[in-house]
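2 protein chains.
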Amino acid sequence: MNDDNSNETDKPRSATIVDVAKRAKVAIGTVSRYLNGFPIRRANREQIEEAIQALRFKRNAAAVAMKTDVTHVVGLLAPSFDEFHGAMLEHLSRALRRDGRALLIYCHGGDTRLMEDGLDYFSTQRIDALVMSGVAHLFDRVDQLIEGGVPLILYDNDLAGLKADRVFVNNREAAMHAVRHLLDIGHRRVGIVTGDLSDSAANERYLGYCDALTERGLPVDQQYVAPGHWSILGGTDATRRLMSLRQAPTAIFSSNYVMAAGVLRCFKDAKIRVPDDVSLVSFDDPPLFGLYEAGITVVAQPINGVAQTIADVLERRLRSARETPFGTTSLRCDIILRGSTRPV
Amino acid sequence: MNDDNSNETDKPRSATIVDVAKRAKVAIGTVSRYLNGFPIRRANREQIEEAIQALRFKRNAAAVAMKTDVTHVVGLLAPSFDEFHGAMLEHLSRALRRDGRALLIYCHGGDTRLMEDGLDYFSTQRIDALVMSGVAHLFDRVDQLIEGGVPLILYDNDLAGLKADRVFVNNREAAMHAVRHLLDIGHRRVGIVTGDLSDSAANERYLGYCDALTERGLPVDQQYVAPGHWSILGGTDATRRLMSLRQAPTAIFSSNYVMAAGVLRCFKDAKIRVPDDVSLVSFDDPPLFGLYEAGITVVAQPINGVAQTIADVLERRLRSARETPFGTTSLRCDIILRGSTRPV
DNA sequence: TTGTATGCGTTATCAC
DNA sequence: GTGATAACGCATACAA
Numbered sequence: 064m065n066d067d068n069s070n071e072t073d074k075p076r077s078a079t080i081v082d083v084a085k086r087a088k089v090a091i092g093t094v095s096r097y098l099n100g101f102p103i104r105r106a107n108r109e110q111i112e113e114a115i116q117a118l119r120f121k122r123n124a125a126a127v128a129m130k131t132d133v134t135h136v137v138g139l140l141a142p143s144f145d146e147f148h149g150a151m152l153e154h155l156s157r158a159l160r161r162d163g164r165a166l167l168i169y170c171h172g173g174d175t176r177l178m179e180d181g182l183d184y185f186s187t188q189r190i191d192a193l194v195m196s197g198v199a200h201l202f203d204r205v206d207q208l209i210e211g212g213v214p215l216i217l218y219d220n221d222l223a224g225l226k227a228d229r230v231f232v233n234n235r236e237a238a239m240h241a242v243r244h245l246l247d248i249g250h251r252r253v254g255i256v257t258g259d260l261s262d263s264a265a266n267e268r269y270l271g272y273c274d275a276l277t278e279r280g281l282p283v284d285q286q287y288v289a290p291g292h293w294s295i296l297g298g299t300d301a302t303r304r305l306m307s308l309r310q311a312p313t314a315i316f317s318s319n320y321v322m323a324a325g326v327l328r329c330f331k332d333a334k335i336r337v338p339d340d341v342s343l344v345s346f347d348d349p350p351l352f353g354l355y356e357a358g359i360t361v362v363a364q365p366i367n368g369v370a371q372t373i374a375d376v377l378e379r380r381l382r383s384a385r386e387t388p389f390g391t392t393s394l395r396c397d398i399i400l401r402g403s404t405r406p407v
Numbered sequence: 064m065n066d067d068n069s070n071e072t073d074k075p076r077s078a079t080i081v082d083v084a085k086r087a088k089v090a091i092g093t094v095s096r097y098l099n100g101f102p103i104r105r106a107n108r109e110q111i112e113e114a115i116q117a118l119r120f121k122r123n124a125a126a127v128a129m130k131t132d133v134t135h136v137v138g139l140l141a142p143s144f145d146e147f148h149g150a151m152l153e154h155l156s157r158a159l160r161r162d163g164r165a166l167l168i169y170c171h172g173g174d175t176r177l178m179e180d181g182l183d184y185f186s187t188q189r190i191d192a193l194v195m196s197g198v199a200h201l202f203d204r205v206d207q208l209i210e211g212g213v214p215l216i217l218y219d220n221d222l223a224g225l226k227a228d229r230v231f232v233n234n235r236e237a238a239m240h241a242v243r244h245l246l247d248i249g250h251r252r253v254g255i256v257t258g259d260l261s262d263s264a265a266n267e268r269y270l271g272y273c274d275a276l277t278e279r280g281l282p283v284d285q286q287y288v289a290p291g292h293w294s295i296l297g298g299t300d301a302t303r304r305l306m307s308l309r310q311a312p313t314a315i316f317s318s319n320y321v322m323a324a325g326v327l328r329c330f331k332d333a334k335i336r337v338p339d340d341v342s343l344v345s346f347d348d349p350p351l352f353g354l355y356e357a358g359i360t361v362v363a364q365p366i367n368g369v370a371q372t373i374a375d376v377l378e379r380r381l382r383s384a385r386e387t388p389f390g391t392t393s394l395r396c397d398i399i400l401r402g403s404t405r406p407v
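So the protein sequences, as listed, match chains A and B. Per our numbering, the first sequence runs over residues 64 to 407. Per our numbering, the second sequence runs over residues 64 to 407.
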């Protein structure tokens, strides 16, 4: 008899389905059926519910996972949880909750070793699916995970060739519209601060920039293309380079908000005023951009929309087998005109 | 014999410890011993390692959890993942990883129903510990979790009476220093935008504000105390109220950065210039505050320090039994002087 | 509908 | 050190 719980120091063992069955005076299978929503005789149901309440019974997810191979946990692998990924995480977390799932997160900070460690951890934890922003050199590891039966959903940045669902924004068109706006108000020398062009997101945005120029019959002058490596420092350096050109640009398009912060940093140091001296448009719309001086004109990603879509796609794939063909969704970004741009 | 895996559509069943044992020609127990770092005969070790590689074996965390009641997963319950909680999450995630743990997150957005749902989900998932920012009306639910054997660590906001470890910042002193700075440079009418005073964080910061005034022999005039309810809108409203006083304050202290954004919003709408017309100091230092015009003077919370401390405390409590007395750590905040304050 | 029995992948407890 | 074997808590196939 283990009825005497003599060791008080240890974690108290919580009630199991057996305890519930015993107390409700029904069979263990009946309790299980109740828990899984199958029809139950009314009297039994009440007994069971009473027992569950009284015993504070909570299903043991580990045991369920072992039986069913379903954990109701989705892995999220991200480089950081800044304004962008943080917002993503928040919305995604809520959206997944709708279907009874939650996010197990792993933050790799761009470190390859950590990414691989994260993938290992996830496969040990038997996550139901993986959501991540693509990273090129992770192809093999991620592919193994997929072959191991873990559905993958890519957001933000693509990783071509993977058997995965994808949810992106229309990077190219959005960037094109942003730059077109600058051209519309008379700018002719428009600089771009790019992310790493090996990243699809950076490349697409760069191509959009080219599209806008080409559309107007303007050449793509490489001296106006400054790599900012997605970082604030990179953004500052890139801007410094751009602004020291003999023919400095009159407008700058930043491929993300982090680098735009770097751009602003440079402007601040060099006493360059926005938009009096230079116009600025940035991808992403972190909350504080609306407040900066006259406000920063931005390409606002529909982060919530991306999160909802990921949750939808995930739910469908997890529910209806795995045979569905993989799809790519592309969501439209809005351009928000604020005070950081003005006609030349 | 299930050696023929005829169904290709389903999730392929991954290798188990049994497969490894078979291939390595050792007993299953030996493999387990190897996996858990116990001494193993050299020849066996090599066999096992080869098998693990070849079979791509990954320990099944669900099975381990079932046996040991340890999941290596820590729950994080937060209202949102904005700049503050997002940064917290990022640092904490990394710090926990050091000890082989990861974060399962749940975002409640202030909704009581969601909080309770989150707690239920966590207890089903058998998290090893819970990290959260205290919320008053959750006392009973959280207490149950603790009684159920889940260690709790509180950060950001206290929830008095709970058997938990606590990691906070020196809210009161930090706020006092911030307001003292305003007094030092000659301000006499200093307004405060407070959070919900039922939250310890808001109250402490308010008390710090009072301390600074009292220290200088100044009265705490309630008309200068404007509740901003932690929200951007609340911050805007509060500021509007403060600035429409016949004797409007010449400086404002905002109890967090979200409300400070609201303050700035109000200033922008009312064409009030910072710091020419009014000085501003805010709690929290989101990345973009350093760039705003002349920069916002802030009380910077050591978010990384808090995260590391939480990880340390957690590790200790999870390792060395539960009998250790609960502790409260208070970390010091730095004041970063930037351009949003100036002498009257 | 309900009860019973089996097994999921590990760890832990034994004798060896 | 090693090899068998009994749990862990639950879902499920099967017989009733």
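Even for Gly, the Cβ is constructed at its ideal location relative to N, Cα and C. These figures come from a predicted structure and were not determined experimentally.
Interface annotation, K226 (chain B): not in contact with chain A, CB-CB separation never under 8 Å.
With its beta carbon at least 8 Å from every one in chain A, C329 (chain B) lies outside the interface. Out of A:R157, A:A126, A:I398, A:V81, the CA that lies nearest to the CA of T372 (chain A) is found in A:R157. Within chain A, the C-beta atoms nearer than 7 Å to that of Q188 (chain B) come from A124, in chain order. Ranked by Cα distance from N123 (chain A), the first of B:K121, B:D339, B:V127 is B:V127.
Listed in chain order, the non-local C-beta contacts of R204 (chain A) below 7 Å within the same chain comprise E179, L182, local neighbours out to five positions each way being set aside. In this structure, A:G212 is the residue among A:K74, A:G212, A:P312, A:A106 with its C-alpha nearest to the C-alpha of I190 (chain A). Contact note: D340 (chain B) does not reach chain A at a C-beta cutoff of 7 Å; the least C-beta distance is about 15 Å.
R229 (chain B) carries a strand assignment under DSSP once its states are collapsed to helix, strand and coil. With a contact defined as Cβ atoms closer than 8 Å, H240 (chain A) and S342 (chain A) miss out at about 15 Å.
Following the DSSP letters along the chain, one finds G181 (chain A) inside the alpha helix (DSSP H) bounded by residues 175-188. With respect to L260 (chain A), V253 (chain A) sits apart: the two C-beta atoms are not nearer than 8 Å.
Straight across, the Cα-Cα distance linking P406 (chain A) with V242 (chain A) is about 13 Å. About 6 Å separates the Cβ atoms of S294 (chain B) and V321 (chain B), confirming a contact at the 8 Å cut-off. According to the DSSP assignment, D247 (chain A) belongs to the alpha helix (DSSP H) that extends over 234-247. For Y218 (chain A), the pairing in a beta bridge is given by DSSP as A:S196, A:V230. Among the residues of chain A, none has a CB under 7 Å from the CB of K334 (chain B); the nearest is roughly 12 Å distant. Contact between the segment 220-232 of chain B and the segment 362-382 of chain B is present: 3 or more CB-CB pairs across the two stretches fall below 8 Å. Residue pairing from DSSP places L166 (chain A) in a beta bridge opposite A:V137, B:I168.
Contact between the segment 299-309 of chain B and the segment 325-332 of chain B is present: 3 or more CB-CB pairs across the two stretches fall below 8 Å.
In this structure E146 (chain B) is in contact with E146 (chain A), their Cβ atoms being roughly 6 Å apart against a cut-off of 8 Å. A Cβ-Cβ separation of about 4 Å places G325 (chain A) in contact with T299 (chain A) under the 8 Å criterion. Contact of C396 (chain A) with chain B is not assigned, every C-beta pair being separated by 8 Å or more.
A Cβ-Cβ separation of about 6 Å places R395 (chain B) in contact with N233 (chain B) under the 8 Å criterion. Under the DSSP assignment, A363 (chain A) falls in the beta strand (DSSP E) whose first and last residues are 360-363.
Closest option to H148 (chain B), judged by alpha-carbon separation, among B:G172, B:A275, B:S393, B:A90: B:G172. Per the C-alpha coordinates, the member of B:N99, B:F101, B:E112 positioned closest to K88 (chain B) is B:E112. Residue burial annotation: E278 (chain A) is exposed, with fewer than 16 other C-beta atoms found within 10 angstroms of its C-beta. Under the 8 Å criterion on CB atoms, D132 (chain A) is classed as interfacial with respect to chain B. Contact of Q207 (chain B) with chain A by beta-carbon distance below 8 Å involves R119.
Inclusion of Y355 (chain B) and F316 (chain B) in the CB contact set at 8 Å is not warranted, their separation being larger than that value.
Contact note: D145 (chain A) reaches chain B through G149, using a C-beta cutoff of 7 Å and chain order. Residue B:V194 holds the alpha-carbon nearest to the alpha-carbon of L166 (chain B) among B:S143, B:P214, B:H244, B:V194. The continuous alpha helix (DSSP H) containing G271 (chain B) extends over residues 263-278. For A90 (chain B), the closest of B:A114, B:Q285, B:F202 by C-alpha to C-alpha distance is B:A114. Beta-bridge pairing by DSSP links A314 (chain B) to B:V253, B:S342.
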